[in-house]
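Protein sequences, first through last, are from chains A and B. Note that the first sequence covers residues 50 to 458 in our numbering. Note that the second sequence covers residues 6 to 449 in our numbering. Using N, Cα and C, we set each Cβ at its ideal position, and we do this for glycine too. Okay, structure first, notes after.
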Amino acid sequence: MKKEKISIRRKEISIKLQASQINSIRVKNIERNAIRVFRDGKIGISGAVGTSLAEELTKQAIDNLSSNIPYPYALESNKKDHRNYTETHYSEFDLMKLTERVLDSLNQEFDDFIFSESIKTIEVDNKFENTEGLDLRYQDEYIELVIVVKAKSSSNLFDTFIGWEGRNLDLDKFLSFTKKQLQAERNEVDLPNEEKVPVFFHSPDSLGNFLIKQLNGETYGNKASLFDNKIGEQLFNKKLTVTQNKNPKTSYSVFFDTEGVTKENDSVTLIENGVLKRVFTDKKNSVKFNLEHTGSATGGYDDVPALGFADIQPSVDSTDIQKVLNGKKAIFVMVAAGGEFNADGNYATPVQASYLFDGKNLLGKIHDFYMSNDIYNMLGKDYIGTFRSEDLYFGEDHYIFGCYMNIKK
Amino acid sequence: MFNYPKGLYVDVRIEDRFTTRITYKNGDLQEQKVRLNKGAFIRVFDGTRWYYASLTNLDQIQDQIDTLASMATPNPKIEDHPYIKMYEVNNEELIQYKENSLKDVPLDHKDTLVKEISDLCTDEIIKTTNVFYVDDVTIKEIYTSKGTNIKFDKQTCGICLRMQCAYKNNKNEFSSSVAKVTFSKLKEKTPFFKKEITKNIEFIKNAESFEPGEYPVLMGPLATGIFTHESFGHKSESDFMVGDEAMKKEWTLGKQVGQSLLNIIDDGTITGNGYVPFDDEGTKGKKTNIITNGILTDRLHSIATAAALEESPTGNARSINFEYEPIVRMTTTYIDKGTTPLKDIVKGIKYGVFVDTIKHGSGMSTFTIAPSRAYKIENGEITTPIKLSVITGNVFETLQKVDAVSEEFELLSFVGGGCGKMEQFPLPVGFGGPYTLVRKLHVM
Chain A
50 MKKEKISIRR
60 KEISIKLQAS
70 QINSIRVKNI
80 ERNAIRVFRD
90 GKIGISGAVG
100 TSLAEELTKQ
110 AIDNLSSNIP
120 YPYALESNKK
130 DHRNYTETHY
140 SEFDLMKLTE
150 RVLDSLNQEF
160 DDFIFSESIK
170 TIEVDNKFEN
180 TEGLDLRYQD
190 EYIELVIVVK
200 AKSSSNLFDT
210 FIGWEGRNLD
220 LDKFLSFTKK
230 QLQAERNEVD
240 LPNEEKVPVF
250 FHSPDSLGNF
260 LIKQLNGETY
270 GNKASLFDNK
280 IGEQLFNKKL
290 TVTQNKNPKT
300 SYSVFFDTEG
310 VTKENDSVTL
320 IENGVLKRVF
330 TDKKNSVKFN
340 LEHTGSATGG
350 YDDVPALGFA
360 DIQPSVDSTD
370 IQKVLNGKKA
380 IFVMVAAGGE
390 FNADGNYATP
400 VQASYLFDGK
410 NLLGKIHDFY
420 MSNDIYNMLG
430 KDYIGTFRSE
440 DLYFGEDHYI
450 FGCYMNIKK
Chain B
6 MFNYPKGLYV
16 DVRIEDRFTT
26 RITYKNGDLQ
36 EQKVRLNKGA
46 FIRVFDGTRW
56 YYASLTNLDQ
66 IQDQIDTLAS
76 MATPNPKIED
86 HPYIKMYEVN
96 NEELIQYKEN
106 SLKDVPLDHK
116 DTLVKEISDL
126 CTDEIIKTTN
136 VFYVDDVTIK
146 EIYTSKGTNI
156 KFDKQTCGIC
166 LRMQCAYKNN
176 KNEFSSSVAK
186 VTFSKLKEKT
196 PFFKKEITKN
206 IEFIKNAESF
216 EPGEYPVLMG
226 PLATGIFTHE
236 SFGHKSESDF
246 MVGDEAMKKE
256 WTLGKQVGQS
266 LLNIIDDGTI
276 TGNGYVPFDD
286 EGTKGKKTNI
296 ITNGILTDRL
306 HSIATAAALE
316 ESPTGNARSI
326 NFEYEPIVRM
336 TTTYIDKGTT
346 PLKDIVKGIK
356 YGVFVDTIKH
366 GSGMSTFTIA
376 PSRAYKIENG
386 EITTPIKLSV
396 ITGNVFETLQ
406 KVDAVSEEFE
416 LLSFVGGGCG
426 KMEQFPLPVG
436 FGGPYTLVRK
446 LHVM
């Protein structure tokens, strides 16, 4: 009987901040294991949190075959690829010292703010093996800093946040940039007096989530996508390229999908120079709708592989925001929570945390406002570019997405 | 049960979870899994800092207590610490679902129910469906060095129906979900899903664009529930006030924060998603009147926040599972019902918006609701379906603009989502309330 074994170990050390002080330290070390068995075109799965006996899981997975869940697809085979992206290891002691340095520095110069939330290290070890000779392993360790910032005089739950993600934190550079951000936070400025303004996003989450829904092969195949029947068409700005990025170096996620599929350079182009080239698929939807297979199956460690989320991101296509702005002032959005695209692709959102931006520096805090635009404009005539985050130190592989948006107080 | 090190406060929470998930995608069985998982979360407090660990090997609890204790600094006066003085000592076993346990419902009965709902989706306008059943039976044990020794169970089961529809140029996705405490109650909900499918099809066939602007907005019980949770509920979680003098001043009890018809309640004793017989620190669940007649009367607490603000604990320290520490969270939060019949509220609206169902909501200084099904109200009648992105407003201003709450009232529990607070998502919570009219909101 063909069999697959999935093992995920995640160790986290998390230091929690409350009221600008260290409140707690938490250590998590959780292992999850699953066994999949395949017989007569069916799949059976069993999984458990904690260390489990493979024999016991296998027996349960065989029992699960009676559910008659079809899986008539060939398994990945004959490939060994072990990768370890760990560069720096932080012990509990190291992380505590790092947190103390960050807090001491911020509290000393910015005692008009309250800092909370967490600084954590995440260590992952994911294995995917099967009886057909597939043997994949991804190991990594990185830091996540998420510090919620609130002015002591403010009546908001929070006013902005400080964030960083990466493997090698340059603490001096981080503190230097963070201090510039907090100085801007102290300096309230007016919203630019124009209806349409260049806007740069710390994380264009709503846009990404909307694109993921529309580029999902199952949605596309069932003719429910906004881009129905448009593969091969020039839909967006010629500068725009969007890829499925499974390169752990920049995505901090595993390089294979939940069917064990890997792709050349860990990347698949979905939109190239504004042309919709393909949508993302797993084995099932690729076969069902005769779409190119992109290795995009997702799901939990003990789920039947399915199509859901995908790591998509725009490719960096521009280099100098200041030059693009040519003296014009822009808005840098840190938090725009609660926004949504409607069925026609019209996007509207309140903006809760943002700064006036000259392309290099955050100049001052802008009070809450609203912004809106249409998906085809945001990625079309109003698209400015995707830039490597050089001056704004939010992480080692952070990018900044820019487009014109309609703004309103 | 455990050897607690001297000079430290220790608590241990053990969770034993039985879960089922059955999924039908586009009419075909996609997944059928039953899982049994156990884990524990341990906290050690030395009067200055907390030391936490989560583990899955329950044989190692004592070792882990000792390891955490070695990181802490023993405090001979730990028992005098305000937190420790405030911890309740409860000794109780509250196992309520021996007879009606979801564990005992045969898997094929659960499967038949999901398939029955999935099979309702026959209209050609429905392009994709994802229907899933989930249940969760959790037995929790909490032991503390102060003497608490409790064991209790809770359970929910529910079905979520997600569908993508397309008709001419209109495309939309819809989600309908319901959760109950027993399987027999859940089985009664098939007509609800039938009605939802009909409404979704009618919506997609007739939905029109709508001119953005400021309009009166009438929210149904679901939208009211999300509005309450996002606009005010999170601000009632008092952890954000600790060490923040401005917020303490801003949120002084006794302050008028809304119209006098507004009563907002959080109640951990209501069965359903927000049921908390004991919270994850071992404090008994309670009903908390947050706003009474528009006046701020209470807020939600863990032991640490109650002690810091010199108020009483409310049983709101919750975590999403054994991997996380308890933090201040809501349970079942709602606006209490009013006295005006819904038909009279609708009659009084000349031109506005009715929000029936929602995709999601969020709230900070500004809250947003992303409607799924929304309709025009014209001359006192709910009329045409409309396509909206978001409805949004300032929290403080909006509470002052609540002009009517209906006598019709509904509390709701769901599966397939929950409340998120920083890293802890999703936490099951209860929602609901009456139909609520807000004089003016931004409709986009």
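Three-state secondary structure (DSSP) of residue i
i                     : result
residue 275 (chain A) : coil
residue 189 (chain A) : strand
residue 234 (chain B) : helix
residue 263 (chain A) : helix
residue 101 (chain B) : coil
residue 363 (chain A) : strand
residue 425 (chain A) : helix
residue 50 (chain B)  : strand
residue 246 (chain B) : helix
residue 306 (chain B) : coil
residue 13 (chain B)  : coil
residue 416 (chain A) : coil
residue 147 (chain B) : strand
residue 296 (chain B) : strand
Through-space distance from residue j to residue i, alpha-carbon basis
i                     : j                     : result
residue 156 (chain B) : residue 56 (chain A)  : 32 Å
residue 74 (chain A)  : residue 231 (chain A) : 26 Å
residue 226 (chain A) : residue 442 (chain A) : 6 Å
residue 421 (chain B) : residue 348 (chain A) : 14 Å
residue 143 (chain B) : residue 100 (chain B) : 10 Å
residue 181 (chain B) : residue 308 (chain B) : 36 Å
residue 133 (chain A) : residue 171 (chain A) : 14 Å
residue 195 (chain A) : residue 213 (chain A) : 7 Å
residue 4 (chain B)   : residue 234 (chain B) : Residue 4 (chain B) is absent from the model: chain B starts at 6 and stops at 449.
residue 264 (chain B) : residue 443 (chain B) : 11 Å
residue 363 (chain B) : residue 230 (chain B) : 10 Å
residue 273 (chain A) : residue 161 (chain A) : 50 Å
residue 16 (chain B)  : residue 69 (chain B)  : 12 Å
residue 398 (chain A) : residue 405 (chain A) : 18 Å
residue 317 (chain A) : residue 293 (chain A) : 5 Å
residue 326 (chain B) : residue 408 (chain B) : 39 Å
residue 193 (chain B) : residue 116 (chain B) : 15 Å
residue 122 (chain A) : residue 288 (chain B) : 51 Å
residue 22 (chain A)  : residue 331 (chain B) : Not covered by the structure: residue 22 (chain A). The range shown for chain A is 50 to 458.
residue 401 (chain B) : residue 205 (chain A) : 11 Å
residue 71 (chain A)  : residue 207 (chain B) : 54 Å
Heavy atom of the ligand NAD within 8 Å of residue i beta-carbon
i                     : result
residue 179 (chain A) : Among the ligands in the structure shown, none appear at all, so the ligand NAD cannot be discussed.
Rounded Cβ spacing between residue i and residue j (contact assumed at less than 8 Å)
i                     : j                     : result
residue 198 (chain B) : residue 122 (chain B) : 5 Å
residue 453 (chain A) : residue 433 (chain A) : 7 Å
residue 362 (chain A) : residue 448 (chain A) : 7 Å
residue 402 (chain A) : residue 247 (chain A) : Not really, about 18 Å apart at Cβ, beyond 8 Å.
residue 394 (chain B) : residue 395 (chain A) : 6 Å
residue 293 (chain B) : residue 271 (chain B) : 5 Å
residue 44 (chain B)  : residue 98 (chain A)  : 6 Å
residue 110 (chain A) : residue 85 (chain A)  : 6 Å
residue 117 (chain A) : residue 91 (chain A)  : 6 Å
residue 284 (chain A) : residue 325 (chain A) : 5 Å
Below-9 Å beta-carbon distance, residue i vs any chain D residue
i                     : result
residue 335 (chain A) : Among the protein chains in the structure shown, which are A and B, there is no chain D.
Legend entry - Continuous alpha helix (DSSP H) assignments of at least 4 residues falling wholly in the region 129-205 of chain A: 141-158
Inset, instruction - Report the residue ranges of all alpha helix (DSSP H) runs contained in full by the region 192-230 of chain B; include only those spanning at least 4 residues, in chain order. - result: 195-211
Legend entry - Interfacial residues, the region 344-367 of chain A to chain B, with Cβ spacing under 8 Å: 351, 352, 353 and 355
Inset, instruction - Give the residues from the region 118-143 of chain A that approach chain B closer than 9 Å (Cβ to any Cβ), ordered along the chain. - result: 118, 119 and 141
Legend entry - Contact list for the region 170-194 of chain B against chain A, Cβ threshold 9 Å: 170, 171, 174, 175, 176, 177 and 178
Inset, instruction - Tell me the start and end of each unbroken beta strand (DSSP E) in the region 277-343 of chain A that is at least 3 residues and wholly inside, in chain order. - result: 291-294 and 316-321
Inset, instruction - Within the region 76-139 of chain A, note down every full beta strand (DSSP E) run reaching 3 residues or more, in order along the chain. - result: 91-98 and 128-133
Legend entry - Near-chain A residues of the region 391-417 of chain B - C-beta to any C-beta below 7 Å: 392, 393, 394, 395 and 397
Legend entry - beta strand (DSSP E) runs wholly inside the region 366-426 of chain B, at least 3 long, in chain order: 371-383, 386-391, 396-399, 407-417 and 424-426
Legend entry - Residues of the region 241-254 of chain B with Cβ closer than 8 Å to any Cβ of chain A, in chain order: 244, 245, 247, 248, 249, 250, 251 and 252
Inset, instruction - Go through the region 215-262 of chain A residue by residue and report every complete run of the beta strand (DSSP E) that reaches 3 residues or more, in order. - result: 245-250
Inset, instruction - Check distances from the C-beta atoms of the region 346-374 of chain B to those of chain A and list, in chain order, the residues that come in under 9 Å. - result: 364, 365, 366, 367, 368, 369, 370, 371, 372, 373 and 374
Legend entry - Near-chain A residues of the region 79-108 of chain B - C-beta to any C-beta below 7 Å: none
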